[in-house]
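Right, one structure below, let's go through it.
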DNA sequence: CTCGGCCCTGAGAACGTGCTGAGGACGCCG
DNA sequence: CGGCGTCCTCAGCACGTTCTCAGGGCCGAG
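Residue numbers (our numbering), protein chains in the order written: chain A, 1 to 214; chain B, 1 to 214.
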């Protein structure tokens, strides 16, 4: 765990140890980066606001060096950075402070389960390629420019090609939105993606969600 | 589900129904308690802040009456009550708002599993396969596209292969309908399924209901 | 065989979901 | 300050889905 607030770090460490995890804490960005490189960990919990090196830069560096450690990012919700930015630089999941400990635990477990050893540097589905580290998307070798939100949405979909993903799940992971948020925003962004990637890449499963055609 | 915020309740109900759950909503504490006592439910999602009777009191009452329905509690995080309180009164699990929908789903499934024998991820009967997570149905390895309602109906039937299931039961669980609803709608949808899956997969037991041929 | 009740089905109305263009709010940069 | 790009809201429309209804077939009882 990379976290500079001592009290939060200590509380989390205690809680996670009680669940049977082995937890080390680093207090600065550079120390965290080093630990991630050489520590042999299964996952990393990473604050965004860090002395020396921000969480964003840390993940980006890690990914550029071909380290695919699962990363769960924590950020204060004061909007200096956008939520989508976190996923853009290669974090696997994202929580905004203040968060529920139970939720953190559940998401951490999900990350470990997913545990993708040797994730390809570039996600590829059909002639679509997405490079999380470089934040680039190409379609049949032609570059497609996406906004942050569009990129985050496509990123999420490309990690589960062929699966049906509900609007609620997308709202939850791509927008970090509460359940009450109108699902229309998802429809709008699926529309944007379709315009940029081709009409039939994203399938609508009426009453259920969307699916990325394989 | 016992929840007085209408928008949240509606969103959750929609989401859970899409997953194949039959969901009823009560808006007040007393109404919820009554439903828990007599509704024959498999689990309850319970808000803490409720008009008439708090979630804490509701669970305590229920447990005192020897009802052991699994309860998943939701609470706002403004700290008036402590998280531990919820578990103390007899709730089985606990989430603080705002929570992730996916986590709620996972925890709800975990609660239901705890009570019942482990369910396979993919249901299979004859050459019919149904994957609830991917929301996909195949018949002899050919994909069959179903509407939301058709899927819910088949899902329910496939969990009880070989059993005779009455139209009333189907109305209740698949349609969430009141007793006065005309049973004809079930006949119509059984007709749709027969057209898509093959004429003899669904047996009519005259005067009793339907049965999925094994 | 006849009758009554149960079930099936096609037509079409009612409803809801998803798609889209217009445009407002906001932040960034010149 | 004004232009630009992104994010998001809203309302209208299109079309698939859901449901209602009525007519007819089938089955079992007498």
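Using N, Cα and C, we set each Cβ at its ideal position, and we do this for glycine too.
Beta-bridge pairing of residue i - partner residues as DSSP gives them
i	result
residue 96 (chain A)	A:75
residue 228 (chain A)	One cannot answer for residue 228 (chain A) here, as it falls past the ends of chain A, which runs 1 to 214.
residue 212 (chain A)	A:202
residue 130 (chain B)	B:123, B:137
residue 2 (chain B)	B:26, B:46
residue 168 (chain B)	Partner(s): none; residue 168 (chain B) has no beta bridge.
Sequence-distant residues of its chain with Cβ nearer than 6 Å to residue i (five each side left out)
i	result
residue 46 (chain A)	2, 55, 71, 73
residue 29 (chain A)	50, 52, 53, 58
residue 43 (chain A)	70, 111, 112
residue 91 (chain B)	59, 71, 73
residue 141 (chain A)	none
residue 27 (chain A)	4
Spatial neighbours of residue i in its chain, beta-carbon cut-off 7 Å, leaving aside the 5 residues before and after
i	result
residue 122 (chain A)	129, 130, 131
residue 37 (chain B)	67
residue 9 (chain A)	1, 3, 25
residue 138 (chain A)	129, 144
residue 105 (chain B)	19
residue 171 (chain A)	177, 181, 183, 186
residue 203 (chain B)	210, 211, 213
residue 263 (chain A)	Outside the shown range of chain A, which is 1 to 214, sits residue 263 (chain A), and nothing can be said about it.
residue 159 (chain B)	123
residue 109 (chain B)	none
Residue i vs residue j beta-carbon contact at 8 Å
i	j	result
residue 102 (chain B)	residue 180 (chain A)	no
residue 94 (chain B)	residue 150 (chain B)	no
residue 211 (chain B)	residue 162 (chain B)	yes
residue 100 (chain A)	residue 96 (chain B)	yes
residue 164 (chain B)	residue 205 (chain B)	yes
residue 214 (chain B)	residue 144 (chain B)	no
residue 166 (chain A)	residue 15 (chain B)	yes
residue 207 (chain A)	residue 18 (chain B)	yes
residue 146 (chain B)	residue 154 (chain B)	yes
residue 39 (chain B)	residue 24 (chain B)	yes
residue 184 (chain B)	residue 22 (chain B)	no
Any non-hydrogen atom of the ligand NAD closer than 7 Å to residue i Cβ
i	result
residue 152 (chain B)	This structure simply doesn't include the ligand NAD, nor any ligand for that matter.
Helix, strand or coil at residue i according to DSSP, with G and I counted as helix
i	result
residue 142 (chain B)	strand
residue 122 (chain A)	coil
residue 182 (chain B)	coil
residue 26 (chain B)	strand
residue 48 (chain B)	coil
residue 17 (chain A)	helix
residue 67 (chain A)	coil
residue 176 (chain B)	coil
residue 160 (chain B)	coil
residue 11 (chain A)	helix
residue 56 (chain B)	helix
residue 32 (chain A)	helix
residue 41 (chain B)	coil
residue 152 (chain A)	helix
residue 106 (chain A)	helix
residue 117 (chain A)	The predicted model places residue 117 (chain A) with a pLDDT of 45, which falls under 50 and marks its position as unreliable; any figure quoted below should be read in that light. Three-state DSSP puts residue 117 (chain A) in coil, outside helix and strand.
residue 191 (chain B)	helix
Sequence-distant residues of its chain with Cβ nearer than 8 Å to residue i (five each side left out)
i	result
residue 201 (chain A)	126, 128, 193, 194, 212, 213
residue 62 (chain B)	33, 36, 37, 69, 71, 90
residue 13 (chain A)	1, 23, 25
residue 5 (chain A)	47
**OP:** Would you check if the segment 33 to 48 of chain B and the segment 185 to 205 of chain A touch, i.e. whether three or more CB-CB distances between them fall below 8 Å?
**Re:** no
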